[in-house]
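Participant: One structure follows; several queries about it will come next.
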Amino acid sequence: MAKVLTPQAEDFPRWYQDVVAKADLAENGPVRGTMVIKPWGYAIWELLQAEIDRRIKQAGAKNAYFPLFIPESFLKKEAQHVEGFSPELAVVTHGGGEELAEPVVVRPTSETVINHLFAKWVQSHRDLPLLINQWANVVRWELRPRLFLRTSEFLWQEGHTCHATRDEAQAYALRILADVYADTMYSVLGVPILVGRKPEDEKFAGADATYTCEGIMVDGKALQMGTSHELGQNFAKAFGITFQSAEGGAAEHVWQTSWGASTRLIGALIMCHGDDDGLRLPPLVAPAQVVVLVVRDEGDVAGAAADLSRRLADAGLRVELDDKVATSFGRRSTDWELKGVPVRVEVGPRDLAEGLVTVKRRVGRVVEQVPLANVLEAVCVALELAEQDLVTEATLRREQATVETSTLDEALEAARTGVARVSWDLVRDQPLGGGVTVRCLQRPDGGIPLAADEPDMVAFLARAY
RNA sequence: CGGGGAGUGGCGCAGCGGUAGCGCACCUGCUUUGGGGGCAGGCGGUCGGGGGUUCGAAUCCCCCCUCCCCGACCA
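With my numbering as the guide, the letters of the first sequence map in order to residues 16 to 480.
In structure tokens form, the structure reads like this:
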């Protein structure tokens, strides 16, 4: 196998850049920090998006769309929020050749503009809960961009909800975390995650509590893949979102949540499953689940390959037919491998003479000769196993990367190369350094702490992207 | 903003006073095709910008700009 990529062990960040480029996922835009998502990368995003969208709707939220431009004054209405986002705002000061009376910011997130509207939409307890989601791009002027992981503009979904009580809002924030994020990450992306609560100083700007899904990458670093926030009544008070309860009486402020997951998930996919030969895609988000390759255009090989790809497509699989024999077979194999297609079916004259084709799995490099009649079944089994193997491998790796520690020094040492599990009481208010941060807090039994001051919490320390 | 480095065909780089080169990619043709094939021919650059030194500047000097890497911030 020709080495096309910088090996992970040699230089992981460079390996990442190589994969993004060679698998044709994305490239830099002309403005620093911007990203061009190329067809292969975008197709992955669309599949991921569809999965998340389905779960969001299942949780009762409806899609809507709010403006890209937000009056600058809106951002300033919630004190923590403006403090958190000011440094990374893109601000438009001119329009139509004139200086604007009030500058508008390009949304870094949409709490402010959405809550402005919510104040009008919510009047009665009958309007609650209000469950809204939007798919959009947002802009945060990043100092150190990295394709998919941290770009100045990125695509995401952001959910925003209003509830009558704190308990209901909390339950909904946790429901999204579990049913939408954790479930998609685990059962669709095959990425094992740590689910927990962010310490107070790592909360979303303006939130009472932030819950997070932290993925563990091949190099032992953590990546925040999705967050769900309890906003309390902070924005409700800043924007005047009130309702009258069934009992009547004075207007009350609603209790809110917001939650988001972005194109960063693609970065997680790359860094969690990729190997020295490229991407390895879980079948559910593979733009092509199977590629049928014409090894050599001899006799009826091309016809047989075309028939085969049609049969697989008819069975509901996403299939790509590669009959571009002008390019060498080795080159094409390498390219599909870089792109991470889970299963390849190779149709060549030698095998075909015996009524066989070769089925190769990207994960585990399993190769088998299969009679033409059994290809569909063999491919389905291979896809099933591909999914399982990816999860098993990644889960094992996360377990190996996670170290139980009993002192802060031990934890910091372990967090230099992986994840340290340590008592929160040993970490609280201590300086960490070395790029190590508290990724999340859990209860001793792995549950999610519902209050910031729960006793006996466990902290997970790691370096992060 | 602090510390380091780099700007030369699409990409990666060499050249460091004497007419702009290499690898990859791309185009044409032949040959090949079971893991990035081979051969031949070809397209493509006012060497980041401005000023200066010199008979002569990609190369030396001055100013400016941009980008990358390491930190602080971050979905």
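Note that CB positions come from ideal geometry on N, CA and C, so glycine has one too. Note that this is a predicted model, so its numbers are computed, not measured.
1) Measure the alpha-carbon distance for L294 versus T108 and round it to whole angstroms.
2) Does the Cβ of D350 have 16 or more other Cβ atoms within 10 Å, making it buried, or fewer, making it exposed?
3) Would A301 pass as a contact of P357 if the rule is Cβ separation under 8 Å?
4) Quick check for students: name the residue ranges of the beta strand (DSSP E) that lie wholly in the segment 417-451, counting only runs of 3 or more.
5) Compare the C-alpha of W55 against each of P45, V35, A74 and name the closest.
6) Comparing alpha-carbon positions, which option in T225, R458, G241, V451 lies nearest P470?
7) On a CA-only basis, which of W274, W136, L209 is nearest T242? Give me that one, please.
8) Give the list of continuous beta strand (DSSP E) stretches no shorter than 3 residues that lie fully inside the segment 181-217.
9) On the premise that E103 lies in contact with E25, defined as a C-beta separation below 8 Å, what is that separation, rounded to the nearest angstrom?
10) Does the segment 73-82 come into contact with the segment 136-151, if we say contact requires no fewer than three beta-carbon pairs (one atom in each stretch) closer than 8 Å?
11) Does DSSP put E168 in a helix, a strand or coil?
12) Are there 16 or more other CB atoms within 10 angstroms of the CB of T176, so buried, or fewer, so exposed?
13) Measure from the alpha carbon of F475 to the alpha carbon of each residue in D444, D440, R436, then state which is nearest.
14) Name the DSSP beta bridge partners of M50, please?
15) Could you please give me the residues that DSSP links to V382 through a beta bridge?
16) So is K92 buried or exposed if we call it buried at 16+ other beta carbons inside 10 Å?
17) So for T257, helix, strand or coil by DSSP?
18) I'd like the span of the alpha helix (DSSP H) that includes W351, first residue to last.
19) Leaving out five residues before and five after F100 in sequence, what residues of the same chain have Cβ atoms less than 8 Å from its Cβ?
20) Under 7 Å: does the beta carbon of E61 sit that close to some heavy atom of the ligand ATP?
21) Considering only DSSP beta bridges, list what F163 is partnered with.
22) Exposed or buried, what is W136 when buried is set at 16 or more other beta-carbons lying within 10 Å of its beta-carbon?
23) Could you tell me which residues DSSP puts in a beta bridge with A290?
24) Pull up the DSSP beta-bridge partners for S273, would you.
Facilitator: Taking the coordinates as given:
1) Counting from 1 along the first sequence, the entry for residue 294 is found at position 279. Counting from 1 along the first sequence, the entry for residue 108 is found at position 93. Their Cα atoms are separated by approximately 42 Å.
2) As a first step, residue 350 is located in the first sequence; it is residue number 335 there, counting from the start. Residue burial is scored here from C-beta neighbours: D350 has at least 16 other C-beta atoms within 10 angstroms and is therefore classed as buried.
3) In the first sequence, counting from the first residue as 1, residue 301 sits at position 286. In the first sequence, counting from the first residue as 1, residue 357 sits at position 342. Their beta carbons are under 8 Å apart, which means A301 touches P357 by this criterion.
4) Runs found: 417-419, 434-438.
5) By 1-based counting over the first sequence, the position of residue 55 is 40. W55 has its Cα closest to that of V35, out of P45, V35, A74.
6) If you number the first sequence from 1, residue 470 lands on position 455. When each option's Cα is compared against that of P470, the closest is R458.
7) Position 227 of the first sequence, counted from the first residue, corresponds to residue 242. It is W274 whose Cα lies nearest to the Cα of T242.
8) Counting only runs of 3 or more residues that sit fully inside the segment 181-217, the beta strand (DSSP E) segments are 208-212, in chain order.
9) For the purposes of this step, residue 25 is identified with residue 10 of the first sequence, where counting begins at 1. For the purposes of this step, residue 103 is identified with residue 88 of the first sequence, where counting begins at 1. Contact flag wrong, Cβ pair sits at about 33 Å.
10) The segment 73-82 is in contact with the segment 136-151.
11) Within the first sequence, the letter at position 153 stands for residue 168. DSSP places E168 in strand when its eight states are reduced to three.
12) The residue labelled residue 176 in the question sits at position 161 within the first sequence. So T176 ends up on the buried side.
13) The sequence position of residue 475 within the first sequence is 460, counting from 1. Closest in C-alpha terms to F475, from the list D444, D440, R436, comes R436.
14) As a working mapping, residue 50 is identified with position 35 in the first sequence. According to DSSP, residue pairing for M50 in a beta bridge involves N43.
15) Within the first sequence, numbered from 1, the residue matching residue 382 stands at position 367. Within the DSSP secondary-structure output, V382 pairs in a beta bridge with K375.
16) For the purposes of this step, residue 92 is taken as residue 77 along the first sequence, with counting starting at 1. It counts as buried.
17) To locate residue 257, count along the first sequence from 1; it is residue 242. Correct three-state label for T257: strand.
18) Along the first sequence, read from residue 1 onward, the residue named residue 351 stands at position 336. Counting along the chain, the alpha helix (DSSP H) containing W351 begins and ends at 344-354.
19) To locate residue 100, count along the first sequence from 1; it is residue 85. If we look at F100 and ignore the five residues flanking it on each side, its Cβ neighbours are L90, P123, T124, R155, A220.
20) The ligand content of the structure shown is nil, which means the ligand ATP is not present either.
21) Numbered from 1 along the first sequence, position 148 holds the residue referred to as residue 163. Residue pairing from DSSP leaves F163 without any beta-bridge partner.
22) Against the first sequence, residue 136 aligns to sequence position 121. The residue in question, W136, is exposed, as its Cβ has fewer than 16 Cβ neighbours within 10 Å.
23) Here residue 290 corresponds to residue number 275 of the first sequence, with the count starting at 1. Per the sequence shown, the amino acid found at residue 290 is Asp instead of Ala. Note: D290 sits in a beta bridge opposite G293.
24) Residue numbering aside, residue 273 sits at position 258 when the first sequence is read from its first letter. Beta-bridge pairing by DSSP links S273 to H175, H244.
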